[in-house]
Amino acid sequence: MRKLWLPGAAVALIVLVAVLAPVLPLMDPIRQDVANRLAAYVPGSPMGRDEFGRDVMSRLIWGARSSLAVAFASAAIAATLGTALGLLGGWFRGVAEFLAIRGADVVLCFPPVLLALLVVTLLGPGTGTLILVLSVLYLPGFIRVSFAEVLSARGQDYVEAVRALGARTPRILLRTVLPNIAGPVLVQVSLAVASAVVLESGLSFLGLGVVPPTPSWGLMIRGARATMEQAPMLLVWPCVALTITILAMNLLCDAVRDLADKRGGGGAPKLRLVDRLLPGLFPAPEGPRPLLDVQGLTVEIAVPGGIIRPVEDLGFRLDPGRTLAIVGESGSGKSMAATAIMGLLPPAARVAAGVARFEGEDLLRMPEPARRRLRGGAMAMVFQDPMSSLNPVHRIGDQVAEAIRAHRDVPAAKASAEAVALLRRVGIADPERRARAYPHELSGGMRQRVMIAMAIANKPRLLIADEPTTALDVTVQAAILELLAELRREEGMGVVLITHSLGVVAEVAEDVVVMYAAQVVERGPVERVFARPLHPYTRALLAAVPDGDVEPEGIPGVVPRPDSWPPGCRFAPRCAFATAACATPPALEELQDQAVRCVRWRELSA
Amino acid sequence: MSVSDGRDAAGREGLNRPHDTAPLVVAEAVEMSFAPRGILARGRPVRAVAGVDASVARGEALGVVGESGSGKSTLGRLMLGLLAATGGTVRFDGTPLPRPGSAAWRGLRARMGIVFQDPFGSLDARRSVGAQVEDGLAIHTTLSAAERRARLEAMFLRVGLDPERLGAYPHEFSGGQRQRLGIARALATNPDFLVADEPVSALDVSIQAQVVRLLADLRRDLGLAMLFISHDLPVVRHLCDRVIVMYLGRVMEEGPVADVFARPSHPYTRALLSATPMLDPARRLTREILPGEPPSPTAPPSGCVFRTRCRHAQPACAEEVPPLREFGGVAHRVACLRADEIN
Chain G
1 MRKLWLPGAA VALIVLVAVL APVLPLMDPI RQDVANRLAA YVPGSPMGRD EFGRDVMSRL
61 IWGARSSLAV AFASAAIAAT LGTALGLLGG WFRGVAEFLA IRGADVVLCF PPVLLALLVV
121 TLLGPGTGTL ILVLSVLYLP GFIRVSFAEV LSARGQDYVE AVRALGARTP RILLRTVLPN
181 IAGPVLVQVS LAVASAVVLE SGLSFLGLGV VPPTPSWGLM IRGARATMEQ APMLLVWPCV
241 ALTITILAMN LLCDAVRDLA DKRGGGGAPK LRLVDRLLPG LFPAPEGPRP LLDVQGLTVE
301 IAVPGGIIRP VEDLGFRLDP GRTLAIVGES GSGKSMAATA IMGLLPPAAR VAAGVARFEG
361 EDLLRMPEPA RRRLRGGAMA MVFQDPMSSL NPVHRIGDQV AEAIRAHRDV PAAKASAEAV
421 ALLRRVGIAD PERRARAYPH ELSGGMRQRV MIAMAIANKP RLLIADEPTT ALDVTVQAAI
481 LELLAELRRE EGMGVVLITH SLGVVAEVAE DVVVMYAAQV VERGPVERVF ARPLHPYTRA
541 LLAAVPDGDV EPEGIPGVVP RPDSWPPGCR FAPRCAFATA ACATPPALEE LQDQAVRCVR
601 WRELSA
Chain F
1 MSVSDGRDAA GREGLNRPHD TAPLVVAEAV EMSFAPRGIL ARGRPVRAVA GVDASVARGE
61 ALGVVGESGS GKSTLGRLML GLLAATGGTV RFDGTPLPRP GSAAWRGLRA RMGIVFQDPF
121 GSLDARRSVG AQVEDGLAIH TTLSAAERRA RLEAMFLRVG LDPERLGAYP HEFSGGQRQR
181 LGIARALATN PDFLVADEPV SALDVSIQAQ VVRLLADLRR DLGLAMLFIS HDLPVVRHLC
241 DRVIVMYLGR VMEEGPVADV FARPSHPYTR ALLSATPMLD PARRLTREIL PGEPPSPTAP
301 PSGCVFRTRC RHAQPACAEE VPPLREFGGV AHRVACLRAD EIN
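In the order they appear, the protein sequences are chains G and F. Residue numbers for the first sequence, in UniProt numbering: 1 to 606. Residue numbers for the second sequence, in UniProt numbering: 1 to 343.
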């Protein structure tokens, strides 16, 4: 609302002054006074007089009337008509589409000045003619914008939902489609108004628009040009008026668009803060060196309300050839933890504390170039959505070869041969032919196999897979998980698997970390944790899986947002076993090979 | 379940279901082909649904399972009448569905509802949730604004949402709550038939169970006929009475859920079940990885559409389309020539 106030007031003031011109105490804008020709200042004329001795301020305000009337009227006509045509064309397609789009194309074929000349020749110059010309000129823009927006909106589920409710077409178009295409159309309006003011000036300047002596900004500029050297200010005034009006219009339209957009969000500010890590706080573990050893990992994001911690004090260790699963609901921080370990955090987030030792070396304190050498080499990552991670314009064989050559100095031909071998390795039939395919020519399962081929191209010792099978069908998921298990067995690769599917964890992982609201709530070997969960959250999560004969039981409520975590145990508000003792934050209690964060776990598992 | 044979169907239904009523929605040999559109379009039409029989009675939940491209969502839209079938018929309450867009069709919308998969895309981000749930009432009833408001508040309470939040916008709700909003919108006009198209697939497992429970309660309390489309077999097992397993537009197997899950008889159903991750190692089936990729729906294999990936396939499977026939139990039917040998 606040954003709307300033530009709204500015536009309102400009319009008000123009509308009130007849009642304002102004001099007659067309009365000539040759004695005061080009005077810089005359009492009653603070902006001076023009080449015929007419009052500049009066002409500026009266000129606003014609300039703005032309601009608003033509933008409004073009917007109404163009949006309507675009709506109908996009919704009904067929003949309506043909008429709207081809009609717009025909208009676009005419150079604007030529079109104006033609119309002026036919109808004679004047304000009405100008409005007509400008409306026709802006029409194609509105048709195109609204047509494109309707096409993308009509495929949305919410439009289908209203249709399924039996709404008539006008209702769907006006209530559902129109508000959703309003944003771009409003932007187009602001552009049209702004450019109409300019074009009006231009066409009037050429003598094709407003007819003298009626004042308009364009005519004022035209008149001032002849006497530019004697009275430069005459040129400045209408230009300043133009600039301010256009700026105010643009700001207003932006504000209106933001206001009309109820989707919320706003986004966190993009801040990259200096990494202030404290080295040496975490002792290196004893015994055989683990592949990956994470301790006290904490990620912070600065948001307008303060600092939130999407990952807090995360710790686990992974040995070579094993799979560790991180599970939790959306918003538990599991993906953020993985990106922090890989050094791929979004710019707003930063690691605030902790270590992540990969074969003894702390990834979090490593300079970026060193980390980059590891990424895609000794450690690799597979993401949930293979389509957005593959480059759509390159053949997949080339992309895999590129992944090889990014880390090893091999000739292109050898890399290509290796790429084909990798594609075969991940179970792609006919790899020689498939290597020449583009990502869109492959199914989702095949694309995920390509992603895995790229990830294992340089024989990584650690693979971090973030929901690698979530977007896939179960039969494809089974094949991908089988492939990962095979690679792990044969290459001795360690895998960190991030997933929300407890079934997947049960089938492929040896160890599991259960996260809730940024914290580890339970950790241990999968068989033990799933057979005898110690934390009420783990229990509730397992009970929610619709597997077995017992009716699945949901967990009431949702994961709290990072800016409103409960003061004590974060799960307490949703926990069936919460008592007064849960008001103090529980510590992660380390048992022999399990860990649990619950004050009541002993009595609950008794 | 097919009702192509009326006598047969009546016999089965009596045995099979406690809610002993005539089917409310009946699809007979429905087909849906999508032709390539546009002047320059080339290529063969895609046959998304190829001759499927299905029926749902009041108070009954029919599960439709299958993977992407199996035609399960298209079947749902055909039974709702949102798409006009290119072959076969769909009858609702005894009469064939009218042409989409006609006045009769619009009137019928009040008696059917749909819940979508995507809790984000299925709500209009720019309108208040109250206005969206109210749409059906505004379109189909002559209730006053105050009466509509009262119905709306009751509906919100029914699906477990706070009526205070009628004026809020979708982004202020969590995924599970949005799905509840979608259910409230579909049920506002008190329909008889509800199609739920993967309503819980996008939700966390802890939230899934809540929404499934809500759907089960609503079906029982309102006596809804429900078509539950899902790729998640365990959820179907808990919510539905009967299940249809689809592959490439055809029904592979159908029957009471308990039967189909205990004795999956089609090789595809078995592969699907074996691929479903299970918590309890004891319940796991030996995993069968399907070789190759699903064939293109523009050029489905001859005979049995599953034969290209089936390890039991024989030359005979390419010859004829296997008919659905009774196998291993009442109303349990399988479309496999070799069902007897391989089971």
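Glycine included, C-beta positions come from ideal geometry on N, C-alpha and C.
CB contact check: residue i to chain G, cutoff 8 Å
i                      : result
residue 305 of chain F : no
residue 220 of chain F : no
residue 123 of chain F : yes
residue 271 of chain F : yes
residue 179 of chain F : no
residue 226 of chain F : no
residue 107 of chain F : yes
residue 159 of chain F : no
residue 212 of chain F : yes
residue 80 of chain F  : yes
residue 314 of chain F : no
residue 67 of chain F  : yes
residue 110 of chain F : yes
Terminal residues of the beta strand (DSSP E) in which residue i lies
i                      : result
residue 564 of chain G : Premise fails: residue 564 of chain G is in no beta strand (DSSP E) and is neither H nor E.
residue 112 of chain F : 112 to 115
residue 511 of chain G : 511 to 516
residue 196 of chain F : 193 to 197
Enclosing alpha helix (DSSP H) for residue i [first to last residue]
i                      : result
residue 89 of chain G  : 56 to 92
residue 371 of chain G : 368 to 374
residue 158 of chain G : 157 to 164
residue 156 of chain F : 145 to 158
residue 274 of chain F : 267 to 275
residue 205 of chain G : 178 to 205
residue 229 of chain F : First-last for residue 229 of chain F: 225 to 230, but that is the beta strand (DSSP E), not the alpha helix (DSSP H).
residue 442 of chain G : Taken as a continuous stretch (DSSP letters only), residue 442 of chain G belongs to no alpha helix (DSSP H), as it is neither H nor E.
residue 404 of chain G : 396 to 405
residue 61 of chain F  : No alpha helix (DSSP H) contains residue 61 of chain F, which is instead part of the beta strand (DSSP E) from 61 to 65.
residue 280 of chain F : Residue 280 of chain F -> no alpha helix (DSSP H), and no H or E assigned at all.
Same chain, Cβ closer than 6 Å to residue i, neighbours up to 5 away in sequence not counted
i                      : result
residue 208 of chain F : 200
For residue i, the residue or residues it bridges with in DSSP
i                      : result
residue 32 of chain F  : F:49
residue 595 of chain G : G:523, G:590
residue 246 of chain F : F:251
residue 326 of chain F : F:333
residue 303 of chain G : G:306
residue 96 of chain F  : F:91
residue 323 of chain G : G:495
residue 295 of chain G : G:355
residue 362 of chain G : G:357
residue 318 of chain G : G:292
residue 142 of chain G : According to DSSP, residue 142 of chain G bridges with nothing at all.
residue 45 of chain G  : G:42
residue 350 of chain G : G:300
Residue-level contact to chain F via CB, residue i, 8 Å cutoff
i                      : result
residue 268 of chain G : With a pLDDT of only 32 at residue 268 of chain G, under the threshold of 50, the placement of this residue in the model should not be trusted; the figure read from the coordinates follows. Output row for residue 268 of chain G: interface = no.
residue 553 of chain G : yes
residue 437 of chain G : no
residue 608 of chain G : With chain G covering only 1 through 606, there is no way to say anything about residue 608 of chain G.
Heavy atom of the ligand ZN within 7 Å of residue i beta-carbon
i                      : result
residue 321 of chain G : In terms of ligand content, the structure shown is empty, and the ligand ZN therefore cannot be addressed.
Rounded Cβ spacing between residue i and residue j (contact assumed at less than 8 Å)
i                      : j                      : result
residue 248 of chain G : residue 14 of chain G  : 7 Å
residue 135 of chain G : residue 74 of chain G  : 5 Å
residue 29 of chain F  : residue 297 of chain F : Actually they do not touch by this definition, with Cβ atoms about 18 Å apart.
residue 233 of chain F : residue 276 of chain F : 5 Å
residue 562 of chain G : residue 570 of chain G : Rounded, the Cβ-Cβ distance is 10 Å, inconsistent with contact.
Contacts around residue i, its chain only, beta-carbon distance under 8 Å, and the 5 residues preceding and following it disregarded
i                      : result
residue 162 of chain G : 171, 172, 175, 176
residue 77 of chain G  : 131, 135
residue 442 of chain G : 396, 434, 450
7 Å Cβ shell around residue i - same chain, five flanking residues per side excluded
i                      : result
residue 250 of chain G : 190, 194
residue 333 of chain G : 310, 311, 515, 518
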